[in-house]
Amino acid sequence: ELRRSRLEILDERNFKESILESISSAIVTFSPDGLLTSINATGRQFLGNDVSIDMHYRQVFNGWADMSALVTRSLNNSGHYGREPFSIERNGSMTHFEVGFFPIGRDAEKGLTVTMRNETEKEKLREEMMRLDRLASLGKLSAGIAHEVRNPLTGISLLLDDLHDRAATASDDQVMIKKAVAEIERVERLINALLNYSSPARVEFRQYDLNLVVNDTVLLMRRQCERQKVLISTNAGNLSPFRFDPEKIKQALLNITRNALEAMPDGGEIIITTAIDADHAIITIFDSGPGIREADLPLIFEPFFTRKGAGTGLGLSITQRIVEEHHGRIYAESDSTCGTVFTLKLPLTS
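To convert a position in the sequence shown, counted from 1, into my numbering, add 135.
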């Protein structure tokens with residue numbers, strides 16, 4: 136009878152341990168004096184395999200920013216229990232956790248349980264939803280402003296044209312009127328860009344060869360590249376036709392290539408490469424220009440962000456939206472010594 140009871144207790148313990156080992160959250164326990172008493176598989180995955188039983192929590196969480204301070208607070212103060220967000224920079228990017236602190240026994244008299252759940256993907260999704268909401272609101276606002284401004288602007292433009300055509304107008308006045316008309320035309324281009332941004336054309340998926348789109352892009356840009364002494368070339372991978380919108384992807388490539396040209400007024404090189412990576416088509420656009428400032432890299436896809444004296448600041452934002460309409464990804468890497476590379480990943484199945 137005693138042996139059977141021991142076996143039942145052992146089975147129950149093994150059952151509980153197997154549950155703890157299979158949980159996707161880290162579960163770590165500490166004694167009242169802060170020594171590690173247990174850790175599950177996910178805990179070792181987060182904290183490293185060199186963590187051992189009886190190690191002090193300050194060693195366990197070495198390099199984990201304020202985590203040790205949070206454990207100290209929970210061990211010393213019974214009022215600070217529960218869950219809270221926690222973020223730490225790892226390998227150059229932020230990792231987000233939900234951490235929990237729960238007493239073992241009354242007022243942690245038997246120790247403390249610490250839980251850690253990786254919330255990075257959820258945080259990225261939340262940020263993406265906020266970005267999309269912001270862009271949608273911006274699109275509606277832009278469309279409203281564009282429509283309201285366009286009508287009076289057209290009237291002003293017609294009046295200036297009429298004044299310019301009158302023979303009695305002095306030549307100096309005609310020059311000033313001509314400049315005013317040119318500025319109005321620039322505003323009209325901005326309004327058109329705003330309207331295109333707020334009311335984009337529908338994506339038309341069809342079976343097409345991506346390399347043909349790249350060749351068309353190079354053909355359209357070649358003359359301008361020659362004028363600026365920029366060598367533009369392609370490195371075409373062995374891609375079969377797949378479903379995407381050729382015109383939209385061409386627009387995305389032209390936006391990136393034009394930006395590259397503007398960054399190299401004294402010559403340089405542009406290379407457009409295509410390749411296959413598992414179930415994605417990859418397009419990279421390299422330019423040998425001066426690169427994008429590190430502080431600007433997170434902002435380049437934001438609407439209206441630009442460091443140029445002219446332009447709308449919508450080109451890369453539209454490019455990102457085109458790629459996202461294809462359920463793809465776009466990102467940029469830049470270095471002042473090596474130039475800039477834009478990478479577009481498009482799924483082969485739409």
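The beta-carbon is built from N, C-alpha and C at its ideal position, and this holds for glycine as well.
- When secondary structure is reduced to three states using DSSP, R252 falls in the strand class.
- Looking only at T419, K383, A413, the smallest Cα-Cα distance to A371 is reached by T419.
- T172 and Y216 have their alpha carbons spaced roughly 19 Å apart.
- Per DSSP, the beta-bridge partners of R225 are S228.
- The beta carbon of L388 lies closer than 6 Å to those of T352 in the same chain, with the five residues before and after it left out.
- When C-beta atoms of the stretch 402-422 are compared with those of the stretch 361-379, three or more pairs fall below 8 Å, so the two segments count as touching.
- Annotation: S160 is outside any beta strand (DSSP E) and is labelled neither H nor E by DSSP.
- At the C-beta level, G246 and S160 stay beyond 8 Å of one another.
- Y216: not part of any beta strand (DSSP E); DSSP gives it neither H nor E.
- Sixteen is the threshold: when 16 or more other Cβ atoms of the shown chains lie within 10 Å of the Cβ of P438, as they do, the residue is buried.
- Under the criterion of beta carbons closer than 8 Å, F221 and V206 do not qualify as touching, at roughly 11 Å.
- With a 10 Å radius around the Cβ and a threshold of 16 neighbouring Cβ atoms, Q386 comes out buried.
- Excluding its 5 nearest sequence neighbours in each direction, S469 has C-beta neighbours in its own chain below 7 Å: G426, I427, L432, T475, listed in chain order.
- The beta carbons of L451 and F377 sit about 24 Å from each other, so the pair does not count as a contact at 8 Å.
- Comparing alpha-carbon positions, the option among H415, N394, T472 lying closest to E429 turns out to be T472.
- Look at K245 here: in three-state DSSP terms it is coil, with no helix or strand label.
- Check the Cα spacing between T409 and each of M356, L347, I435, E361: the tightest is with L347.
- Counting of Cβ neighbours within 10 angstroms places M265 among the exposed residues, the total staying below 16.
- One Cα belongs to V163, the other to L260, and the distance between them is close to 27 Å.
- DSSP, read as helix, strand or coil, puts A467 in strand.
- Its Cα nearest to that of C360, the residue D422 stands out among D422, E318, Y343.
- T478: member of the beta strand (DSSP E) spanning 474-482, first to last residue.
- Closest in C-alpha terms to F181, from the list D189, S209, H231, E460, comes H231.
- Excluding its 5 nearest sequence neighbours in each direction, G424 has C-beta neighbours in its own chain below 7 Å: A395, A398, M399, G403, G474, T475, listed in chain order.
- For the pair D296 and V322, the CB atoms are not nearer than the 8 Å cut-off.
- For S173, no alpha helix (DSSP H) run applies; the uninterrupted beta strand (DSSP E) run containing it begins and ends at 171-174, by DSSP.
- Secondary structure at N350: helix, using DSSP grouped into helix, strand and coil.
- R378 is bridged by DSSP to Q342.
- In the three-state scheme derived from DSSP, where H, G and I count as helix and E and B as strand, F237 is classed as strand.
- By the CB criterion at 8 Å, F436 and Q455 fall inside the cutoff.
- CA-CA distance, N197 to H415, rounds to 39 Å.
- V458 is positioned such that its CB atom lies no closer than 8 Å to that of L434.
- Residues of the same chain with a CB within less than 7 Å of the CB of F340, apart from the 5 flanking positions on each side, are R378, F379, D380, S485 in chain order.
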